[in-house]
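Peer 1: What follows is a structure written as structure tokens; I'll ask about it next.
There are 4 protein chains.
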Amino acid sequence: MSDTLHRVRVGILGASGYAGAELIRLLARHPNADIALLTGNRRVGESIGDVFPHLAGLDLPRLSALSADALAGAGLDVVFCALPHGVTQDVAVEMMAAPGGDGGAVKIIDLSPDFRLADVDAYASAYGRAHGAPDLQREAVYGLTELARDEIRGARLIANPGCYPTVALLPLVPLVAAGQIDSKDIIIDAKSGVSGAGRALKERMLFAEVGEGINAYGIASHRHSPEIDQALSIAAGVSVTANFTPHLIPMNRGILATIYVRLAGGAAADDLRASLSQRYEGEAFVGVVAEGVSPATRHVRGSNRCLIGVFADRVKGRAIILAVLDNLVKGASGQAIQNMNLACQLPEGLGLDQIALFP
Amino acid sequence: MSDTLHRVRVGILGASGYAGAELIRLLARHPNADIALLTGNRRVGESIGDVFPHLAGLDLPRLSALSADALAGAGLDVVFCALPHGVTQDVAVEMMAAPGGDGGAVKIIDLSPDFRLADVDAYASAYGRAHGAPDLQREAVYGLTELARDEIRGARLIANPGCYPTVALLPLVPLVAAGQIDSKDIIIDAKSGVSGAGRALKERMLFAEVGEGINAYGIASHRHSPEIDQALSIAAGVSVTANFTPHLIPMNRGILATIYVRLAGGAAADDLRASLSQRYEGEAFVGVVAEGVSPATRHVRGSNRCLIGVFADRVKGRAIILAVLDNLVKGASGQAIQNMNLACQLPEGLGLDQIALFP
Amino acid sequence: MSDTLHRVRVGILGASGYAGAELIRLLARHPNADIALLTGNRRVGESIGDVFPHLAGLDLPRLSALSADALAGAGLDVVFCALPHGVTQDVAVEMMAAPGGDGGAVKIIDLSPDFRLADVDAYASAYGRAHGAPDLQREAVYGLTELARDEIRGARLIANPGCYPTVALLPLVPLVAAGQIDSKDIIIDAKSGVSGAGRALKERMLFAEVGEGINAYGIASHRHSPEIDQALSIAAGVSVTANFTPHLIPMNRGILATIYVRLAGGAAADDLRASLSQRYEGEAFVGVVAEGVSPATRHVRGSNRCLIGVFADRVKGRAIILAVLDNLVKGASGQAIQNMNLACQLPEGLGLDQIALFP
Amino acid sequence: MSDTLHRVRVGILGASGYAGAELIRLLARHPNADIALLTGNRRVGESIGDVFPHLAGLDLPRLSALSADALAGAGLDVVFCALPHGVTQDVAVEMMAAPGGDGGAVKIIDLSPDFRLADVDAYASAYGRAHGAPDLQREAVYGLTELARDEIRGARLIANPGCYPTVALLPLVPLVAAGQIDSKDIIIDAKSGVSGAGRALKERMLFAEVGEGINAYGIASHRHSPEIDQALSIAAGVSVTANFTPHLIPMNRGILATIYVRLAGGAAADDLRASLSQRYEGEAFVGVVAEGVSPATRHVRGSNRCLIGVFADRVKGRAIILAVLDNLVKGASGQAIQNMNLACQLPEGLGLDQIALFP
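As structure tokens, then:
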């Protein structure tokens, strides 16, 4: 079937990090994508198998330096940016403004937070620097796929959501929009594996510092908070500030969000579950588990799936929502490819049917 | 100093489980305790080194069957019950009612939930069986050491708190009692290592089922909930129902409770911290960490310490409390020995000065 | 391309274990296989999603009881047996002897050790029971794919190799056969993740017993030893007894074999590497890494690949061979599907192109 | 009892690493030691609780810069050097040569490899630099405690053995010396937790790079090899080159050495076990486990114990020796304190009676 579809020529900027590696793992088996450019400034000239031995043996270009020439010369349809925050803004300006109007053709899917906050002041406040491309920010589409398909289809610049916002917003946005939960009383207790922190060297990410322990971090100050608030505020129609507290778990992959909500509009926990089931009926990548089932990260490891469960709380008038995903797939690279498929008029699930790897 | 103190002759019922092993680890180095009896019905006749090789080489009695004769013959001052729930009730009745009035002399410290719920109906409802010793239940003292020293000193029967209740109540009780937080809006998101589930065989506790994953369990139905509610209700002076949601973490030891509270009585997060700092000033085993510090389980592993941190939430009027302990030490066997020391008029910290093992 | 190939109707006996689950993970995405029967005696009537939530959502039959009727009714081309040892022997006799000559059509791929040892006395000695199907044993083909393609192509009954033998034999057999190493001085120190032990309940497989530790087991007595010796003896042309010492590692998947050999026939370590590189040139699933590279299990996790490295030892005249694979894929279910493809005249790699999942 | 003994004033150079932290954990509870100086160049001025939160609350000096003045001013009896290799040589020269003859009084226990190789050329070859203190090297005593008590008692400068050499030499030296194994055919396959690599930032030590995987490293080139060879050569009376192959295990602490030997002098595996049992009879920190028992690292975690097991191999004329210890305790800081006790005429086991922490 996919033989009759067009092919997409992609570049991956920042291919030496975990999100970049995961893009390669998925795109190398994507039936309609061709990887034409890999950049990674620390490892220029190396093969991807040198940087990531699990990717050895694939027929891929060597890592280049990130440059306008490299980009222009590769003739790309789609550029995935898995760069440190702040860098994509410059890259995007350059690409979009390229002479000859090529900027109109190439699509950018940015896995960094550079274009996620519509309000450039909120960006400046969260990231401690002025936004470098406010015009492009206005154009950027926030790519939470299941909730923004129409915008994504036509987008030139897609801000791929953060891993934490994805796992929190997939269950929360429909419920807030429906008025079934109180948008002023949302607590998101999130637990993540270590790969979300990337491959950069930090003492607190050493095995001996993470193993056999757990701690919260970024308490009341994590940069994903404004991103979550932004989407919830749009859904609620009023300004929302949600609690968001991430924790580091001694595992490589996976996020679980345990979300504590107050019921509203006469809804019971069962109504929330019914509402989400209806909202995500037929979705390939978002599922609502049966009553009484507690979703676990191990059951989505390596897949593009998000699973959601709903429980009545012991506390009257409250419910508990549990959502899991693989932070590198649905929380990053998988969703990015879902967005690529949409933006390139390919079947949305192409290349994303990996079953979770358990145990 | 401890040479001049009297010696305590102890028995450990249920020595083949993790809590029993931890009692042995600590009591074998306690300067004033002598282990005179170990029972373990599945492993009768074996040495403790057969059952727990890390305890090999200690000069200890072999495992006996649990029987009235064994108990009577051992001449014990203190009996630690690390038995499955339901069993201590029978043992305690027998011991306390022993002819010759010995029942008056021996002290029972029960690590099971058998005597934790003052209301025997609440017990029946949580554990699905009628309480087997309602008279003794009336006498039992709930042994959250730092908050109940006077009762513990004179007690014959001490119900040692559960691991989750200990980590939740140490920060919450003083704040609820002071009216600084709203007792109707308490959410306890707890994360535990696997040893809390004991050594019994369950598919969901196999390494391959736990490793590289996280999930919640016992959602809105965990048996530690009534125990938490009971203590909070006493502190509040009104009936309290708190959320309590436990999660299983791929690590052996440690619990982190992330507690979400609504401020009350005009208090700010800093006031909560100040209040707890004052309440636990001078305590050897409960510490309040500095502003901005996130306590981690790895820093209390193997020690009897509980660390508490307080953060202002992004959500106005709310705060986040973090508390950590080692579920087998302050959450079980360490606190039991603390209680033994108190009940036997020994210095409370005797045998409990282990520094945490990191990494 | 695969559209023009015939389809294969498969059954999986023992679908509630890890090897069974891994067969489902791979076969559910195999372009030419249809899963028509799943059996699992402990979980009859349940959906596979109840038994393995990571497989929920696939359109698969419910678990049946294992019976002659179930087998006959399913019209299978291939039966995978992932049953406890001893059971396949009976099942195979029944299937192969089925009236109407159907036994001639169906192919059995046995993941248990039931048909791996050609010498039924060696079987009886290793497994403590007489072989139940000596006639079929004579017919069985030992399915180490890369080294036995011709026999596998025509086989009705394939004994799929054990995980440890696969990782040891892929490098050793060609070198022993070439006389480049001394077959009387082979030491195989193997390290395995826990999933190799299956999902059965054993105290020593609990997370708390495995985590944060390592130990050897089955020292000088593991049942994979005769299987390794058998293949080495055939390759050497003389009876070989090799050391084999397995260790349990706190991880879910993966085996590393560190093999210590004495060089023979004038070969140096480089010759061993060259020899293996030549032997496996063009192979999709067996690779020889470059000089100086140490293969790691994490780089083959979830894939059907085996990677081999060779190092000169500091000790003159000796070399060190390192080989890794995923025990559930190339060490079990992946190789079984490779064998199915061969036996069914499909392209050997069909359905097996998963890239390793890292991190 | 220890009240009547003299007190020892100690300094720890390099207190911000894991070995330094472990020295503090143990010395802070040592009945006769006082920690008078802590240095850590990267963290000067910080409290130890800032650097290692698990050590918070202890009454200890802040971290100083390493300087001659700091050393002179602290009035130390013993200096533990837990510094990067190459640094102790300079420090030792300065201290030993201090005017006023103080150099005669202070004892240096060096946990780095700086003084372990008696042959300064071997040092130069292994570490790529000329030895900086050849005179002191001549004086240094190799501190494998159980095998060198007499020299250690009178030593001014003790080279504390590496973690791998300790676990390998404790079983091997007596057997080689007795001629019960062939010194020309020794293979040491060692598996270590990550803390042995220290706290320095390396990509390969990130949790995501270590978790769920295993690999060998330093194959045929690890710097502990000459150290092992040196001790074996002395024991054998001839030059010995042993295989030594270390592996990295996803756990924090512990080393297991699986040692493959050829029997000599008519000895059987049982004779090896008997020989070692006799050699270590009465030793507090080295034990030989019973026939058939496989020692595990989890059973010595946090303790100063080394456990040794011996098995007959399936291969005629060969045996398998297994030895475990905690790399930070008996493999580093615990043994260093054992040496301090000896050198300071204190009871050898003082402060080292910690029972292993399991699970």
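Protein chains in written order, with the numbering used here: chain A, 384 to 742; chain B, 384 to 742; chain C, 384 to 742; chain D, 384 to 742.
For every residue, glycine included, the Cβ atom is placed at its ideal position computed from N, Cα and C.
With a Cβ-Cβ cutoff of 8 Å, do C:Pro-554 and C:Ala-706 count as a contact?
Peer 2: For the purposes of this step, residue 554 of chain C is taken as the residue at position 171 of the third sequence. For the purposes of this step, residue 706 of chain C is taken as the residue at position 323 of the third sequence. Against a cut-off of 8 Å, the Cβ pair of C:Ala-706 and C:Pro-554 comes out as a contact.
Peer 1: Check the Cβ of B:His-413 against every Cβ in chain D and list those closer than 8 Å, keeping chain order.
Peer 2: On the second sequence, position 30 is the one that residue 413 of chain B refers to. The premise fails here: B:His-413 is roughly 11 Å from chain D at the closest Cβ pair, so nothing lies under 8 Å.
Peer 1: Hey, C:Val-393 and C:Phe-463: beta-carbon distance below 8 Å or not?
Peer 2: In the third sequence, the residue the question calls residue 393 of chain C occupies position 10. In the third sequence, the residue the question calls residue 463 of chain C occupies position 80. Yes, Cβ-Cβ distance for C:Val-393 and C:Phe-463 is below 8 Å.
Peer 1: For C:Leu-711, return the contacting residues in chain B, with the cut-off set at a CB-CB distance below 8 Å.
Peer 2: In the third sequence, the residue the question calls residue 711 of chain C occupies position 328. Within chain B, no residue comes near C:Leu-711; the closest Cβ sits about 10 Å away, beyond 8 Å.
Peer 1: Quick one: which residues of the region 629-648 of chain C get their C-beta closer than 8 Å to a C-beta of chain B? List them in chain order.
Peer 2: From the region 629-648 of chain C, only Pro-633, Met-634 and Asn-635 have a Cβ closer than 8 Å to chain B.
Peer 1: Compare the C-alpha of A:Asp-696 against each of A:Cys-727, A:Gly-685 and A:Leu-655 and name the closest.
Peer 2: Mapped onto the first sequence, residue 696 of chain A falls at position 313. A:Asp-696 has its Cα closest to that of A:Leu-655, out of A:Cys-727, A:Gly-685 and A:Leu-655.
Peer 1: Counting only runs of 4+ residues fully inside the region 615-674 of chain A, write out the alpha helix (DSSP H) ranges in chain order.
Peer 2: Entirely contained in the region 615-674 of chain A, the alpha helix (DSSP H) runs reaching 4 residues are, in chain order, 652-662.
Peer 1: Is the Cβ of B:Ser-578 closer than 8 Å to any Cβ of chain D?
Peer 2: Locating residue 578 of chain B in the second sequence gives position 195, counting from the first residue. Taking Cβ atoms only, chain D reaches closer than 8 Å to B:Ser-578, which makes this a yes.
Peer 1: Alpha carbon to alpha carbon, how far is B:Ala-457 from C:Met-588?
Peer 2: Your numbering for residue 457 of chain B matches position 74 in the second sequence. Your numbering for residue 588 of chain C matches position 205 in the third sequence. If I take the Cα positions, the gap works out to 35 Å.
Peer 1: Mind checking A:Gly-714: buried by the 16 CB within 10 Å criterion, or exposed?
Peer 2: The residue you call residue 714 of chain A lines up with position 331 of the first sequence. Under this definition A:Gly-714 is a buried residue.
Peer 1: Keeping to the same chain, check which residues put their C-beta closer than 7 Å to that of A:Ala-650; ignore five residues upstream and five downstream.
Peer 2: The residue labelled residue 650 of chain A in the question sits at position 267 within the first sequence. Within the same chain, A:Ala-650 has close Cβ partners Gln-563.
Peer 1: Determine, using beta carbons only, whether C:Asp-485 comes closer than 8 Å to chain D.
Peer 2: Position 102 of the third sequence, counted from the first residue, corresponds to residue 485 of chain C. Low per-residue confidence applies at C:Asp-485: pLDDT is 48, beneath 50, and the placement is therefore not dependable, though the value from the model is reported in the following sentence. It does not; no Cβ of chain D falls within 8 Å.
Peer 1: Step through the CB atoms of chain B and report whether any lies within less than 8 Å of the CB of D:Arg-408.
Peer 2: As a first step, residue 408 of chain D must be located in the fourth sequence, where it is residue number 25. For D:Arg-408, the answer is yes, since a Cβ of chain B falls inside 8 Å of its Cβ.
Peer 1: How many angstroms separate the CA atom of A:Ser-430 from the CA atom of A:Leu-443?
Peer 2: Here the question's residue 430 of chain A lines up with position 47 in the first sequence. Here the question's residue 443 of chain A lines up with position 60 in the first sequence. Using only the alpha carbons, I get a separation of about 8 Å.
Peer 1: In or out: B:Glu-522 buried (at least 16 other Cβ within 10 Å) or exposed?
Peer 2: As a working note, residue 522 of chain B is residue 139 in the second sequence. It is exposed - the Cβ of B:Glu-522 has fewer than 16 other Cβ atoms within 10 Å.
Peer 1: Going along chain A, which residues have a C-beta under 9 Å from B:Tyr-594?
Peer 2: Along the second sequence, one-based indexing puts residue 594 of chain B at 211. In the sequence on display, residue 594 of chain B carries Gly and not Tyr. Residues of chain A passing the Cβ test: Met-634, Arg-681 and Pro-742.
Peer 1: Go ahead and pull the three-state DSSP assignment for A:Lys-713.
Peer 2: Taking the first sequence and counting its residues from 1, one reaches residue 713 of chain A at position 330. A:Lys-713 falls in the helix class under three-state DSSP.
Peer 1: Helix, strand or coil, according to DSSP, for A:Leu-454 in the structure here?
Peer 2: Looking up residue 454 of chain A in the first sequence gives position 71. Helix.
Peer 1: Using 8 Å as the limit for Cβ to Cβ distance, is A:Asp-736 near chain C?
Peer 2: In the first sequence, the residue the question calls residue 736 of chain A occupies position 353. Yes, A:Asp-736 lies at the interface with chain C (some Cβ there is under 8 Å from its Cβ).
Peer 1: How big is the Cα-Cα spacing for B:Asp-433 and D:Leu-659?
Peer 2: Here residue 433 of chain B refers to the residue found at position 50 when the second sequence is read from its first residue. Here residue 659 of chain D refers to the residue found at position 276 when the fourth sequence is read from its first residue. When rounded, the distance between both Cα atoms is 21 Å.
Peer 1: Identify the continuous alpha helix (DSSP H) that holds C:Arg-408 and give its terminal residues.
Peer 2: Position 25 of the third sequence, counted from the first residue, corresponds to residue 408 of chain C. 401-410 is the span of the alpha helix (DSSP H), which, as asked, contains C:Arg-408.
Peer 1: Residues of chain C with CB under 9 Å from A:Leu-449, in chain order?
Peer 2: Here residue 449 of chain A refers to the residue found at position 66 of the first sequence. Simply none; closest approach about 23 Å.
Peer 1: Would you say B:Tyr-547 faces chain D, with C-beta separation under 8 Å as the test?
Peer 2: Here the question's residue 547 of chain B lines up with position 164 in the second sequence. Judged by the 8 Å Cβ criterion, B:Tyr-547 is not in contact with chain D.
Peer 1: Using beta carbons (cut-off 8 Å, strictly below), is C:Tyr-401 in contact with chain A?
Peer 2: Here residue 401 of chain C refers to the residue found at position 18 of the third sequence. With 8 Å as the cut-off, C:Tyr-401 counts as an interface residue toward chain A.
Peer 1: Can you pull the chain D residues whose beta carbon is under 9 Å from the beta carbon of A:Glu-405, in chain order?
Peer 2: Your numbering for residue 405 of chain A matches position 22 in the first sequence. Within chain D, no residue comes near A:Glu-405; the closest Cβ sits about 12 Å away, beyond 9 Å.
Peer 1: Between the Cα of B:Ser-616 and the Cα atoms of B:Leu-421, B:Asp-473, B:Ser-686 and B:Ala-561, which residue gives the shortest distance?
Peer 2: Locating residue 616 of chain B in the second sequence gives position 233, counting from the first residue. Of B:Leu-421, B:Asp-473, B:Ser-686 and B:Ala-561, the residue nearest in Cα terms is B:Ala-561.
Peer 1: In this structure, does DSSP put D:Val-461 in helix, strand or coil?
Peer 2: As a working mapping, residue 461 of chain D is identified with position 78 in the fourth sequence. D:Val-461 falls in the strand class under three-state DSSP.
Peer 1: So what does DSSP say about A:Leu-421, is it helix, strand or coil?
Peer 2: Your numbering for residue 421 of chain A matches position 38 in the first sequence. It is a strand residue.
Peer 1: Give the DSSP bridge partners of D:Val-524, in chain order.
Peer 2: In the fourth sequence, residue 524 of chain D corresponds to position 141, counting from 1. Per DSSP, D:Ile-541.
Peer 1: Where does the unbroken alpha helix (DSSP H) through C:Arg-532 begin, and where does it stop?
Peer 2: Against the third sequence, residue 532 of chain C aligns to sequence position 149. Counting along the chain, the alpha helix (DSSP H) containing C:Arg-532 begins and ends at 532-536.
Peer 1: For B:Thr-387, count the other beta carbons within 10 Å of its own beta carbon; 16 or more makes it buried, fewer makes it exposed. Which is it?
Peer 2: Indexing the second sequence from 1 puts residue 387 of chain B at position 4. By the 10 Å Cβ count, B:Thr-387 comes out exposed.
Peer 1: Can you find a C-beta in chain F that's less than 8 Å from the C-beta of C:Phe-590?
Peer 2: Chain labels in this structure do not include chain F; the protein chains are A, B, C and D.
Peer 1: To the nearest angstrom, how far is the alpha carbon of C:Leu-711 from that of D:Phe-741?
Peer 2: Start at 1 with the first residue of the third sequence, and residue 711 of chain C comes out as number 328. Start at 1 with the first residue of the fourth sequence, and residue 741 of chain D comes out as number 358. Spanning the two alpha carbons is a distance of roughly 30 Å.
Peer 1: Within 10 angstroms of the Cβ of C:Val-621, are there 16 or more other Cβ atoms? Answer buried if so, exposed if not.
Peer 2: Within the third sequence, numbered from 1, the residue matching residue 621 of chain C stands at position 238. By the 10 Å Cβ count, C:Val-621 comes out exposed.
Peer 1: Ignore the nearest five residues each way along the sequence and tell me which others in D:Thr-641's own chain have a CB closer than 6 Å to its CB.
Peer 2: As a first step, residue 641 of chain D is located in the fourth sequence; it is residue number 258 there, counting from the start. Around D:Thr-641: Asp-572 and Leu-705.
Peer 1: Select from C:Ile-597, C:Cys-689 and C:Ala-580 the residue whose C-alpha is nearest the C-alpha of D:His-630.
Peer 2: To locate residue 630 of chain D, count along the fourth sequence from 1; it is residue 247. Ranking C:Ile-597, C:Cys-689 and C:Ala-580 by Cα distance to D:His-630 puts C:Ile-597 first.
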